[in-house]
Amino acid sequence: MSKIKRIGITTGGGDAPGLNAVIRAVTKSAIKRGWEVFGIRNGFDGVMYPDKFPDGGLIKLDSDAVRGISHMGGTILGTTNRGNPFNYQVKGPDGKVEKKNLSDQLVDGIKEAKLDAIVSLGGDGSMAIANEVAKLGIRIIGVPKTIDNDLAGTVATFGFDTAFAFATDAIGRLHSTASAHQRVMIVEVMGRYAGWIALYAGVAGTADVVLIPEIPFDIEKVAAKVEERNRNGRNFTIICTAEGAMPIGGEAIYKEQGGIKNLGGIGEAIAEDLRGRVSNQVRTVVLGHLLRGGMPTARDRLLSFRFGAAAVRGLEAGKSSVMVALDPPTVKYIPLEECTKRIKVVQLDCDTIATARDLGTCLGD
Ligand code: F6P
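For the record, in the sequence shown the residue sitting at position 317 is 316 according to numbering that gives the first Met the number 0, with numbers rising by one throughout.
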């Protein structure tokens, strides 16, 4: 295997706190080995469409470029969740969007940029893309990012801890206003098809009801919990729902824009349903993209540094087509193939679920 001299870093999918910290760790670890580092703009767009960018789609990353970025949310490289090179959305002259396989363009772009290897920071979509890119003969290593914590094969993804902390704080703040007005406050959090954010923040923030996709809920049970609290003189209720939660026999709720469907709206649907069943006023708060913003927590920053440095050590050791994964007390490398087969959802026999039940939290079942 040829020696690495120059690597590229790409950030794909929804942003998550910690991306810049990983970029710093990869850059510093690579520079230490005498490698050059380039950031690819907006997923793989920077190498597929270099002419679209005034700087040619690549940002030279040196110690100066990554100084003081670790605490920043977002990504200095930009990202996209419409940039799958194997299924790229291209607008035709008639304005119609077509999906095309631009993988040849991608490989040519990577070769043109003289990148010997790629570090790909992303969630399950980005890891699936990285897996296909590896099959085209490109050396690539994945780093697991997502606030959803739903990537299989790793105990945690970076970004999750920050989202969890923010959601917990938000639930804490809702207590005072809910209590003051004797209301039901519903807080909807992101997480796609996994209930990690809702469960962790709901339990830590002492929500009275926690609804997750893994446990379809019965609205009667939720209403009964509200009324039970009213009877006990606790005239307010906090409900924390995952965006992917659904009623028994029902379906998750999506919003559509430009042919793309995103989860969202279950909080208000629950509110509507509850309004006819309980005596309290019901209000909804959607945390949405706030969960992805802001400074990464200390835990996320450390995890990001560990992942970034491990990605470079992995490349140096000749690894490719693998993802760095947290396996306390250390990190390991797992085949990309493995982490893209399924998502990691909350196991119903885990102790956090048992804790919720022991503490009297209603899980909607
Ligand atoms: O995967 C991260 C995530 O924030 C999900 O929790 C959410 O469903 C989705 O991305 C929202 O994506 P978008 O950036 O397209 O609104």
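C-beta atoms are modelled at their ideal positions from N, C-alpha and C, and glycine is treated no differently.
Taking 8 Å as the cut-off, decide whether the C-beta atoms of Val225 and Thr360 are in contact. To locate residue 225, count along the sequence shown from 1; it is residue 226. To locate residue 360, count along the sequence shown from 1; it is residue 361. Taking 8 Å as the Cβ cut-off, Val225 and Thr360 do not qualify as a contacting pair.
Looking at C-alpha atoms only, which residue of Ala64, Val89, Gly38 is the closest neighbour of Gly77? The count along the sequence shown starts at 1 and reaches residue 77 at position 78. The option with the nearest alpha carbon to Gly77 is Gly38.
Contacting residues, own chain, Cβ-Cβ under 8 Å from Asn279 (five flanking each side not counted): As a working mapping, residue 279 is identified with position 280 in the sequence shown. For Asn279, where only same-chain residues beyond five positions count, the Cβ hits under 8 Å are Gln181, Arg182, Val183, Val225, Asn229, Asn234, Phe235, Thr236.
What runs of the beta strand (DSSP E), each 3 residues or longer, lie entirely inside the stretch 48-120? Counting whole runs of 3 or more residues, the stretch 48-120 contains the beta strand (DSSP E) stretches 57-60, 87-90, 96-99.
Kindly indicate which residue of Thr240, Met294, Val311 has the alpha-carbon position closest to the one of Arg282. Taking the first residue of the sequence shown as 1, we reach residue 282 at position 283. Closest option to Arg282, Cα to Cα, is Thr240.
Across which residues does DSSP place Pro212 in a beta bridge pair? Along the sequence shown, read from residue 1 onward, the residue named residue 212 stands at position 213. Looking at the DSSP output, Pro212 shares a beta bridge with no other residue.
Assuming Asp375 is part of the beta strand (DSSP E), what are its boundary residues? Beyond the ends of the chain as shown, which are 0 and 364, falls residue 375; an answer cannot be given.
DSSP three-state assignment for Met126, whether helix, strand or coil: By one-based count along the sequence shown, residue 126 stands at place 127. In the structure shown, Met126 sits in a helix (DSSP, three-state: H, G or I).
Endpoints, the beta strand (DSSP E) within which Arg138 is located: The residue you call residue 138 lines up with position 139 of the sequence shown. Here Arg138 belongs to no beta strand (DSSP E), and DSSP marks it neither H nor E.
Which same chain residues end up closer than 6 Å to Pro212 when comparing Cβ atoms and leaving out the 5 residues on each side of it in sequence? For this step, residue 212 is matched to residue 213 along the sequence shown. Excluding positions up to five away in sequence, the list reads Tyr192, Gly194, Ala241, Gly243, Ala244.
Taking the beta carbon of Arg66 as the centre, do at least 16 other beta carbons fall within 10 Å, making it buried, or is it exposed? Within the sequence shown, the letter at position 67 stands for residue 66. Its Cβ having fewer than 16 others within 10 Å, Arg66 is exposed.
Buried or exposed: which applies to Asn130, given that a residue is buried once 16 or more other Cβ atoms fall within 10 Å of its Cβ? Numbered from 1 along the sequence shown, position 131 holds the residue referred to as residue 130. Buried is the call here.
Below 8 Å CB to CB, which residues in the same chain sit around Val154 once its five sequence neighbours on both sides are set aside? Walking along the sequence shown from the start, residue 154 turns up at place 155. Same-chain partners within the cutoff: Ala324, Leu325, Asp326, Pro327.
Cutting at 6 Å between CB atoms, please list the residues of its own chain near Arg276, excluding the five before and the five after it. Numbered from its first residue, the sequence shown carries residue 276 at position 277. Counting only Cβ-Cβ distances below 6 Å, and skipping sequence neighbours, we find Ala222.
Is the separation between the beta-carbon of Ala310 and that of Val188 shorter than 8 Å? As a first step, residue 310 must be located in the sequence shown, where it is residue number 311. As a first step, residue 188 must be located in the sequence shown, where it is residue number 189. In this structure, Val188 does not lie closer than 8 Å to Ala310 by Cβ.
Pairing CB atoms from the stretch 16-29 with CB atoms from the stretch 285-302, are three or more of them under 8 Å? yes
Measure the C-alpha to C-alpha separation of Gly317 and Gly56 and round it to an integer number of angstroms. Counted from its first residue, the sequence shown places residue 317 at position 318. Counted from its first residue, the sequence shown places residue 56 at position 57. Cα to Cα, the separation comes out at about 27 Å.
Cβ of Leu347 within 8 Å of Cβ of Arg356? Residue numbering aside, residue 347 sits at position 348 when the sequence shown is read from its first letter. Residue numbering aside, residue 356 sits at position 357 when the sequence shown is read from its first letter. Their beta carbons are not under 8 Å apart, which means Leu347 does not touch Arg356 by this criterion.
Taking DSSP's pairing of strands, which residues face Val154 in a bridge? Taking the sequence shown and counting its residues from 1, one reaches residue 154 at position 155. DSSP, once it has assigned bridges, lists no residue as partnering Val154.
Grab me the residues of Ala24's own chain with a C-beta within less than 6 Å of its C-beta, minus the 5 sequence neighbours each way, in chain order. Along the sequence shown, read from residue 1 onward, the residue named residue 24 stands at position 25. Around Ala24: Phe304, Gly307, Ala308.
Between Leu18 and the ligand F6P, is the CB less than 7 Å from at least one heavy atom? Within the sequence shown, residue 18 is the residue found at index 19, counting from 1. No, the Cβ of Leu18 stays beyond 7 Å of every heavy atom of the ligand F6P.
Count the other CB atoms, across all protein chains shown, that sit within 10 Å of the CB of Val345; report buried if there are 16 or more and exposed otherwise. As a first step, residue 345 is located in the sequence shown; it is residue number 346 there, counting from the start. With 16 or more Cβ atoms within 10 Å of its Cβ, Val345 is classed as buried.
Could you have a look at Tyr199 and say whether DSSP puts it in helix, strand or coil? Start at 1 with the first residue of the sequence shown, and residue 199 comes out as number 200. Reduced to three states, the DSSP call for Tyr199 is helix.
Once the 5 residues before and after Arg5 are set aside, which same chain residues still bring their CB inside 6 Å of it? What you label residue 5 is simply residue 6 of the sequence shown in a count that begins at 1. Glu35, Lys113, Leu114, Asp115, listed in sequence order.
Out of Pro84, Asp61, Gly158, which has the shortest C-alpha to C-alpha gap to Lys31? In the sequence shown, counting from the first residue as 1, residue 31 sits at position 32. The shortest Cα separation from Lys31 among Pro84, Asp61, Gly158 belongs to Asp61.
Starting from the Cα of Ala203, find the closest Cα among Pro246, Lys343, Thr351 and give me that residue. Working through the sequence shown from its first residue, we reach residue 203 at position 204. Of the listed residues, the one whose Cα sits closest to Ala203 is Thr351.
State the Cα-Cα distance for the pair Thr79 and Ile137, rounded to the nearest angstrom. The residue you call residue 79 lines up with position 80 of the sequence shown. The residue you call residue 137 lines up with position 138 of the sequence shown. In this model, Thr79 and Ile137 are separated by some 21 Å (Cα to Cα).
What are the boundary residues of the beta strand (DSSP E) that Phe37 is part of? To locate residue 37, count along the sequence shown from 1; it is residue 38. Unbroken beta strand (DSSP E) run through Phe37: 35-39.
Between Val142 and Phe159, what straight-line distance do the alpha-carbon atoms span, to the nearest angstrom? Residue numbering aside, residue 142 sits at position 143 when the sequence shown is read from its first letter. Residue numbering aside, residue 159 sits at position 160 when the sequence shown is read from its first letter. Using only the alpha carbons, I get a separation of about 14 Å.
In chain order, which beta strand (DSSP E) runs of at least 3 residues are fully inside the stretch 257-281? 259-262
Checking 8 Å against the spacing of the C-beta atoms, do Val46 and Leu135 come in under that value? The residue you call residue 46 lines up with position 47 of the sequence shown. The residue you call residue 135 lines up with position 136 of the sequence shown. No, they are not a contact pair.
On the three-state DSSP scale, how would you describe Arg32? As a first step, residue 32 is located in the sequence shown; it is residue number 33 there, counting from the start. DSSP places Arg32 in coil when its eight states are reduced to three.
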